[in-house]
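A.B. asks: Dropping the structure in here first, questions after.
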Amino acid sequence: MTTATIEHESDEGTANMKARSYAETKTPQIRLDKRSPECWRVTFDHPPLNIFGPEMLPLVDEIITAIETDERLKVVVFDSAVEDFFLIHLDFLAKLDDMAHLPPGPTGLHPWPEMLVHLSRSSVVSIALIRGRATGMGSELALACDMRFASREKAILSQFEVGAGLVPGGGPMARLSRLMGRGRALEVVLSADDVPGDLAERYGYVNRSLPDADLDGFVDALATRIASFDKQTIMDTKRLVDVASLPPDIEIESGWNACVASMGRPPTQQRIKALLERGFCKPGDAENRLGDFVGR
Amino acid sequence: MTTATIEHESDEGTANMKARSYAETKTPQIRLDKRSPECWRVTFDHPPLNIFGPEMLPLVDEIITAIETDERLKVVVFDSAVEDFFLIHLDFLAKLDDMAHLPPGPTGLHPWPEMLVHLSRSSVVSIALIRGRATGMGSELALACDMRFASREKAILSQFEVGAGLVPGGGPMARLSRLMGRGRALEVVLSADDVPGDLAERYGYVNRSLPDADLDGFVDALATRIASFDKQTIMDTKRLVDVASLPPDIEIESGWNACVASMGRPPTQQRIKALLERGFCKPGDAENRLGDFVGR
Amino acid sequence: MTTATIEHESDEGTANMKARSYAETKTPQIRLDKRSPECWRVTFDHPPLNIFGPEMLPLVDEIITAIETDERLKVVVFDSAVEDFFLIHLDFLAKLDDMAHLPPGPTGLHPWPEMLVHLSRSSVVSIALIRGRATGMGSELALACDMRFASREKAILSQFEVGAGLVPGGGPMARLSRLMGRGRALEVVLSADDVPGDLAERYGYVNRSLPDADLDGFVDALATRIASFDKQTIMDTKRLVDVASLPPDIEIESGWNACVASMGRPPTQQRIKALLERGFCKPGDAENRLGDFVGR
């Protein structure tokens, strides 16, 4: 339904990008802004909800492939151009058959967890700048990033899935438990509730929450700073942190399989149907107050 | 000395409980309140200290077995009916011979660590609502729960054991180090000191500390919320968090063995004897200010 | 250039210390104060920067060996006698050839990571009392300690190395990721920026930051308290925390090798040369504001 544009504001390093084929379309969903050869910005711009439709998958894949293969890139920042929404969950109103039948990626994972694993393991430093709601896949993308900074007033993170009868599929059980410990990770995934910016910081869901007015400046300065350092040194240092802290792929795979299984269960399908009837996946109270919504 | 009652306020799911044999006795130690088929409440009610006498062990075992085997139960909350005490340590004034000679459970562990391991691995979500002192076995039970919420004003957690010459036996070395990192875990177990509610939150000992007036409402709402979700989805999601975050049983076993060894050492027996002479295990300053007491 | 004294204020347990050979020299770099047989204090006193010259290495080694082999010692506290500096990084103005050619220690590691591993695994409880800057090796020593307490106003921790083109060599990738989770550990090492006391507490870099006026009293009381407990019980309890929380030696070795490799790369040598020309390793703005300095 929506179409997609990936813009390239600089002409460096774009030769190997399939994204060009999208360049003439009019409604951008994800914008890639190569602010410098060392520092890129990826902006989700799919109003009104930044909901994750099936057509987003190849776009994200393309961008992550570009990130992985560029030789000069050091830092990438993910943010949103949509008021109140960083990036949210799967669009259950869309045709999901295409998505289910996608071939697995190189590690044998479904493309979604596969690209998250690639982002985490990439030698490029990834930073999520979270303003608005990051729920479901939006939270999973943020968790796959190397660092997360949130607006204290405007960020809300959540894994709402259990409230819809779904096991989250993009790795939050593996990642949250390593970030915040078992007790808080279980609370986040099993309560399926909204986690505002300040609680997200106290729990370690994000590195820090900052006053909204300071967030952009802080992330810009950090990204620019890291991008001024030596790429090989960044790579080697990140790799050593990863050895100690990244979940093994098998945990991500197991989570994905549990997600797929949950999606096929009749009680889950009934829950999702009931939620859709009450306004889920549409602009309005359901998505604006998703934590309350799934708990009702 | 004390006797025990397990009450059943609803009649569902009780057929297979051995607890009924206690139903006519008069002084409850642990109350089981089946508020709904999906959500139970377990209340420690053994005044004046909620001290852990040997007779508590089969009662806790029975309740954990009921939790594990009930087919509809989704959430269980542990709390206390005793002012100032959630649940504390072993009663060193009781005959402990019986306890030492208990046969091991199915995983080969002594019954105490065995039942804690079962509680953690159970598909039921367990929440500790901590008001008053949770020390020794009380802290260990709380740590074996999936989540912990504490009264900011009235909760005090601690592993006092090292102060008495004992290695803690119910797994806090394994569990605290995963919740709060090595430095804070070492401080908690080696200082053997009191950890009040707000510090417990900063350290990750509990999920959150809440104003005392808000604690019951918060935990009730969370328990009810989770209990409204799909049981299979809860189970699968919890299991995946556990893969990443639960200690292996061998660490719990090793800790228990170190505890038993420490209990047999003459310097430890002298320390415990001296503490008992000064009021340990009796109502009063020793138990009200246990952190100060063992440090003097 | 500088010389070294290790002082012994009590005469117990010094028989096996090689340190005596230094006893007549005049400019102390590291002071060992045996406040009691159970509780020692190690004070870095190498003004004006407490910079880590190659001559410090055998002194630290000697002290850690003394700590490891003393039979009565239970607690050691590391602090600084130099205003504004706890202990900082390698002195790049010194002849570093000697340091590079040191024979490996018993586990096959270079002496620096080797002695940090020994400190962590020692049965003695080690506490870093951090006032002033702990950067590079100073941060690494603090991280190898069992606990860290920082002055809220005067402590600054950092791993500045990536800013100089270096991979940190003393294990912070392995240790920080276990203390604070992947996101914050990546921020600390890749931003290479200053972390003041209060942020260090929020991130779990230190156990707690305390008002400067309270810091000494707090650490003294904690050290004295733990030193009053049973040594065997302390050892067994610490060992069980370590099982769950210490990085394997191979991660430390891999980090050291990456550090050595980075030091040999021309871009790194150019960065260090440029930093030295701007005042690095000398008293003044470079070291007083190292985070800003390497980011410029």
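Chains as they are written, first to last, in the working numbering: chain B, 1 to 296; chain H, 1001 to 1296; chain W, 2001 to 2296. The beta carbon of each residue, even a glycine, is placed where N, CA and C say it ideally should be.
Check for me: the alpha helix (DSSP H) holding cysteine 1259 of chain H runs from which residue to which?
C.D. replies: Here the question's residue 1259 of chain H lines up with position 259 in the second sequence. Cysteine 1259 of chain H -> alpha helix (DSSP H) spans 1249-1263.
A.B. asks: Against methionine 173 of chain B, what residues of chain H qualify as contacts under a CB-to-CB distance less than 7 Å, listed in chain order?
C.D. replies: In the first sequence, the residue the question calls residue 173 of chain B occupies position 173. Result: Thr1237, Leu1240, Val1241 and Ala1244.
A.B. asks: Mind pulling the chain H residues with CB within less than 7 Å of valine 162 of chain B?
C.D. replies: The residue labelled residue 162 of chain B in the question sits at position 162 within the first sequence. Phe1229, Thr1233, Ile1234 and Thr1237, listed in chain order.
A.B. asks: Confirm, please, whether the CB-CB distance from isoleucine 2130 of chain W to alanine 2142 of chain W is below 7 Å.
C.D. replies: Reading the third sequence from its first residue, position 142 is the one you call residue 2142 of chain W. Reading the third sequence from its first residue, position 130 is the one you call residue 2130 of chain W. Taking 7 Å as the Cβ cut-off, alanine 2142 of chain W and isoleucine 2130 of chain W qualify as a contacting pair.
A.B. asks: Contact between the segment 2195-2203 of chain W and the segment 2162-2170 of chain W: three or more CB pairs below 8 Å?
C.D. replies: Short answer: they don't touch.
A.B. asks: Leaving out five residues before and five after glutamate 2312 of chain W in sequence, what residues of the same chain have Cβ atoms less than 6 Å from its Cβ?
C.D. replies: Any question about residue 2312 of chain W goes unanswered here, given that chain W covers just 2001 to 2296.
A.B. asks: Give the straight-line distance between the Cα atoms of lysine 1154 of chain H and phenylalanine 2218 of chain W, rounded to the nearest whole angstrom.
C.D. replies: Residue 1154 of chain H sits at position 154 when you count from the first residue of the second sequence. Residue 2218 of chain W sits at position 218 when you count from the first residue of the third sequence. Between lysine 1154 of chain H and phenylalanine 2218 of chain W, the C-alpha separation is close to 23 Å.
A.B. asks: Take phenylalanine 2078 of chain W as the anchor and find which of W:Lys2095, W:Met2099, W:Asn2050 and W:Phe2092 has the nearest alpha-carbon.
C.D. replies: Within the third sequence, the letter at position 78 stands for residue 2078 of chain W. Closest option to phenylalanine 2078 of chain W, Cα to Cα, is W:Asn2050.
A.B. asks: Less than 7 Å between CB atoms is the rule here; does glutamate 1024 of chain H satisfy it with respect to chain W?
C.D. replies: Within the second sequence, the letter at position 24 stands for residue 1024 of chain H. Note that glutamate 1024 of chain H scores 41 on pLDDT, short of 50, meaning its location in the model is unreliable; the coordinates nonetheless yield the value given after this. Cβ-Cβ to chain W under 7 Å: no for glutamate 1024 of chain H.
A.B. asks: Would you please state the rounded distance, in angstroms, between the beta carbons of methionine 2173 of chain W and valine 241 of chain B? I believe it to be under 8 Å.
C.D. replies: What you label residue 2173 of chain W is simply residue 173 of the third sequence in a count that begins at 1. What you label residue 241 of chain B is simply residue 241 of the first sequence in a count that begins at 1. Right, the Cβ-Cβ distance comes to about 5 Å (below 8 Å), so this counts as a contact.
A.B. asks: Indicate the three-state DSSP secondary structure (helix, strand or coil) for alanine 1150 of chain H in the structure shown.
C.D. replies: Residue mapping note: residue 1150 of chain H aligns to position 150 of the second sequence, counting from 1. The answer is strand: DSSP assigns alanine 1150 of chain H an E or B state.
A.B. asks: Taking valine 1189 of chain H and leucine 1176 of chain H to be in contact with their CB atoms under 8 Å, please state how far apart those CB atoms are, rounded to whole angstroms.
C.D. replies: Taking the first residue of the second sequence as 1, we reach residue 1189 of chain H at position 189. Taking the first residue of the second sequence as 1, we reach residue 1176 of chain H at position 176. Going by Cβ atoms, the distance from valine 1189 of chain H to leucine 1176 of chain H rounds to 7 Å, so yes, they are a contact pair.
A.B. asks: Could you run through the segment 134-168 of chain B and flag, in chain order, every residue whose CB is less than 7 Å away from some CB of chain W?
C.D. replies: The segment 134-168 of chain B vs chain W, Cβ under 7 Å: Asp146, Met147 and Arg148.
A.B. asks: Alpha carbon to alpha carbon, how far is threonine 1268 of chain H from arginine 1278 of chain H? Give it in angstroms, no decimals.
C.D. replies: Counted from its first residue, the second sequence places residue 1278 of chain H at position 278. Counted from its first residue, the second sequence places residue 1268 of chain H at position 268. Computed Cα separation, rounded: 15 Å.
A.B. asks: Taking the CB atoms as reference points, tell me whether valine 2206 of chain W and arginine 2148 of chain W lie closer together than 7 Å.
C.D. replies: Along the third sequence, one-based indexing puts residue 2206 of chain W at 206. Along the third sequence, one-based indexing puts residue 2148 of chain W at 148. The answer is yes: Cβ separation under 7 Å.
A.B. asks: Rank H:Gly1291, H:Leu1057, H:Pro1211 and H:Pro1266 by C-alpha distance to the C-alpha of leucine 1090 of chain H and give the top, closest one.
C.D. replies: Within the second sequence, numbered from 1, the residue matching residue 1090 of chain H stands at position 90. The residue with the shortest Cα to Cα distance from leucine 1090 of chain H is H:Leu1057.
A.B. asks: Using a Cβ-Cβ distance cut-off of 7 Å, determine whether leucine 1057 of chain H contacts chain B.
C.D. replies: Stepping through the second sequence from its first residue, residue 1057 of chain H is reached at position 57. So no, leucine 1057 of chain H is outside the interface.
A.B. asks: Can you list, in chain order, the residues of its chain whose CB lies under 7 Å from that of proline 111 of chain B, leaving out five sequence neighbours each side?
C.D. replies: Counting from 1 along the first sequence, the entry for residue 111 of chain B is found at position 111. Closer than 7 Å at the Cβ level, and outside the excluded window around proline 111 of chain B, lie Leu57, Asp61, Leu102 and Gly105.
A.B. asks: Tell me the DSSP secondary structure of valine 75 of chain B in three-state form.
C.D. replies: What you label residue 75 of chain B is simply residue 75 of the first sequence in a count that begins at 1. Looking at valine 75 of chain B - three-state DSSP - the assignment turns out to be strand.
A.B. asks: Terminal residues of the continuous alpha helix (DSSP H) containing threonine 43 of chain B?
C.D. replies: Numbered from 1 along the first sequence, position 43 holds the residue referred to as residue 43 of chain B. Counting along the chain, threonine 43 of chain B falls outside any alpha helix (DSSP H), though it belongs to the beta strand (DSSP E) covering 39-44.
A.B. asks: Taking C-beta to C-beta, are phenylalanine 2092 of chain W and glycine 2132 of chain W nearer than 7 Å?
C.D. replies: By 1-based counting over the third sequence, the position of residue 2092 of chain W is 92. By 1-based counting over the third sequence, the position of residue 2132 of chain W is 132. Not a contact, by the Cβ cut-off of 7 Å.
A.B. asks: Once you ignore the five residues that flank cysteine 259 of chain B on each side, which residues in its own chain have a CB closer than 7 Å to its CB?
C.D. replies: The residue given as residue 259 of chain B occupies position 259 in the first sequence. So the qualifying residues of the chain are Leu166, Val167, Pro168 and Gly169.
A.B. asks: Going by DSSP, which residues form a beta bridge with threonine 135 of chain B?
C.D. replies: Here residue 135 of chain B refers to the residue found at position 135 of the first sequence. In DSSP, threonine 135 of chain B forms a bridge with B:Ser158.
A.B. asks: At 7 Å on the CB atoms, spell out the chain W contacts of leucine 222 of chain B, in chain order.
C.D. replies: Along the first sequence, read from residue 1 onward, the residue named residue 222 of chain B stands at position 222. Residues of chain W passing the Cβ test: Ser2191.
A.B. asks: Counting only C-beta atoms, is asparagine 2207 of chain W closer than 7 Å to chain H at any point?
C.D. replies: Residue 2207 of chain W sits at position 207 when you count from the first residue of the third sequence. So yes, asparagine 2207 of chain W belongs to the interface.
A.B. asks: Going along chain W, which residues have a C-beta under 8 Å from glycine 1295 of chain H?
C.D. replies: As a first step, residue 1295 of chain H is located in the second sequence; it is residue number 295 there, counting from the start. Near glycine 1295 of chain H (Cβ distances below 8 Å), the residues of chain W are Arg2225 and Ser2228.
A.B. asks: How many whole angstroms separate the CB atoms of methionine 1137 of chain H and phenylalanine 1052 of chain H, which I take to be in contact at a CB cut-off of 8 Å?
C.D. replies: Here residue 1137 of chain H refers to the residue found at position 137 when the second sequence is read from its first residue. Here residue 1052 of chain H refers to the residue found at position 52 when the second sequence is read from its first residue. About 5 Å separates the two Cβ atoms, so the contact holds.
A.B. asks: Identify each residue in the segment 1106-1127 of chain H for which the Cβ-Cβ distance to at least one residue of chain B is less than 8 Å, and report them in chain order.
C.D. replies: So the close ones are Val1125.
A.B. asks: Could you name the residues of chain B that glutamate 2187 of chain W contacts, counting a contact when the two beta carbons are closer than 7 Å?
C.D. replies: The residue you call residue 2187 of chain W lines up with position 187 of the third sequence. What glutamate 2187 of chain W touches in chain B: Met147 and Asn207.
A.B. asks: Using only the alpha-carbon positions, how far apart do lysine 273 of chain B and methionine 263 of chain B sit?
C.D. replies: Position 273 of the first sequence holds residue 273 of chain B. Position 263 of the first sequence holds residue 263 of chain B. So the two alpha carbons sit approximately 12 Å from each other.
A.B. asks: Which residues in the same chain have their Cβ closer than 6 Å to the Cβ of leucine 2215 of chain W, if we skip the five residues on either side of it in sequence?
C.D. replies: One-based indexing of the third sequence puts residue 2215 of chain W at position 215. So the list reads Ser2151, once near-sequence residues are dropped.
A.B. asks: Have a look at threonine 3 of chain B and threonine 237 of chain B and give me their C-alpha separation to the nearest angstrom.
C.D. replies: Indexing the first sequence from 1 puts residue 3 of chain B at position 3. Indexing the first sequence from 1 puts residue 237 of chain B at position 237. Any reading at threonine 3 of chain B must be qualified, since the residue scores a pLDDT of 35, below 50, and its modelled position is unreliable; no value is offered.
A.B. asks: For threonine 1025 of chain H and aspartate 1070 of chain H, what's the separation of their Cα atoms in angstroms?
C.D. replies: Taking the first residue of the second sequence as 1, we reach residue 1025 of chain H at position 25. Taking the first residue of the second sequence as 1, we reach residue 1070 of chain H at position 70. Any reading at threonine 1025 of chain H must be qualified, since the residue scores a pLDDT of 44, below 50, and its modelled position is unreliable; the value itself is stated next. Cα to Cα, the separation comes out at about 24 Å.
A.B. asks: Look at glutamate 1068 of chain H and serine 1122 of chain H and say whether their C-beta atoms are less than 7 Å apart.
C.D. replies: On the second sequence, position 68 is the one that residue 1068 of chain H refers to. On the second sequence, position 122 is the one that residue 1122 of chain H refers to. Closer than 7 Å, so yes.
A.B. asks: Closer than 6 Å by C-beta to phenylalanine 2293 of chain W: which residues in its own chain qualify, once you throw out the five before and the five after it? Chain order, please.
C.D. replies: For the purposes of this step, residue 2293 of chain W is taken as residue 293 along the third sequence, with counting starting at 1. The answer, listed in chain order, is Ala2286.
A.B. asks: Exposed or buried, what is lysine 2074 of chain W when buried is set at 16 or more other beta-carbons lying within 10 Å of its beta-carbon?
C.D. replies: Translated into positions along the third sequence, residue 2074 of chain W becomes position 74. It is buried - the Cβ of lysine 2074 of chain W has at least 16 other Cβ atoms within 10 Å.
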